[in-house]
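Here the structure is laid out as structure tokens; the discussion comes afterwards.
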Amino acid sequence: MDTWLPALPLLLSLLLGLALRTQACDLLDYCRPPRICPNFTHISTNQKYEERLYEPSVWMCTTEEGIDSRAVAEASIRLINFRNYHSWVKGVQINPHTWPSLVSVNIVENRLELSLCWMVPPGVTVSGYRQVTVKTIPRTAMFVRSFSGIPTFENSGLNALRLMEDLLSDGKRFDRTVFFRASYDSPFGIIFFKHNEIWIPKA
């Protein structure tokens, strides 16, 4: 774990069971200024899910083995340190009010690996450092299901499964290999009605 820059408040908040850090979208009620969010065009909505077309966006991402609270804490601290490094050492300010944070789980060599990404604000140029990579998500259509409460891997997986079932029922084509949990509430506030989303890319 990178420990060369302080991130103790974040670690403490995670240990208290608060929600993940996240980033959001343009015209959503939970993504008003000063929040900075990826731009999207609304395509359609029904009672079960909506479809959005997201414009290209840049993200700072890191991975951690496992999908428990320790993995989330270490990945979050690493991104905090990455942002602080660019601010303090390279003089590049990365606005901390970008939302949502994206979490995905991948199977790598028969083990589970968590990926955590925070959006880089438009117009800001950063480069990867240590265990953090900078990735561009291309223009992508996403199927989106919303749910409230403190996000966990259990309720995220359940909502992803329900969204996939609804998409199959409606005859929609989608990427069955990955889903993202997008969270929109800070870990520093005790908010029990947290807004979360499941994103599944359209095929």
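Numbering (mature numbering (1 follows the signal peptide of the UniProt record, and there is no 0)) for the sequence shown: -24 to -1, 1 to 179.
We put the beta carbon where it would ideally sit given N, CA and C, even for glycine.
- Counting only runs of 3 or more residues that sit fully inside the stretch 70 to 114, the beta strand (DSSP E) segments are 77 to 84, 87 to 96 and 109 to 113, in chain order.
- Of Asn172, Asn57, Phe16 and Asp5, the smallest CA-CA separation from Ser124 is found for Asn172.
- Counting C-beta pairs with one atom in each stretch, the stretch 44 to 54 and the stretch 62 to 76 have fewer than three that are closer than 8 Å, which means they do not touch.
- A direct Cα-Cα distance of roughly 34 Å separates Ser45 from Ser145.
- Looking only at Leu139, Glu27 and Trp175, the smallest Cα-Cα distance to His18 is reached by Glu27.
- Ile56 carries a helical assignment under DSSP once its states are collapsed to helix, strand and coil.
- Annotated three-state conformation of Asn172 is strand, per DSSP.
- Take the alpha-carbon of Lys66 and the one of Lys24: they are about 45 Å apart.
- The residue among Arg149, Gly99 and Thr128 with its C-alpha nearest the C-alpha of Ile174 is Thr128.
- Under the three-pair Cβ rule at 8 Å, the stretch 78 to 88 counts as touching the stretch 140 to 157.
- DSSP, read as helix, strand or coil, puts Glu50 in helix.
- Here DSSP, grouped into helix, strand and coil, assigns Glu31 to coil.
- Relative to the Cα of Val110, the nearest Cα in the group Arg121, Cys93, Thr21 and Arg152 belongs to Cys93.
- Boundaries of the beta strand (DSSP E) around Ala158: Phe156 to Ser159.
- The distance from the Cβ of Tyr61 to that of Thr116 is about 29 Å, inconsistent with a contact at the 8 Å cut-off.
- Between Glu89 and the set Glu41, Ile176 and Asp5, the nearest pair of CA atoms involves Glu41.
- If you draw a straight line from the Cα of Asn131 to the Cα of Ile43, it is about 13 Å long.
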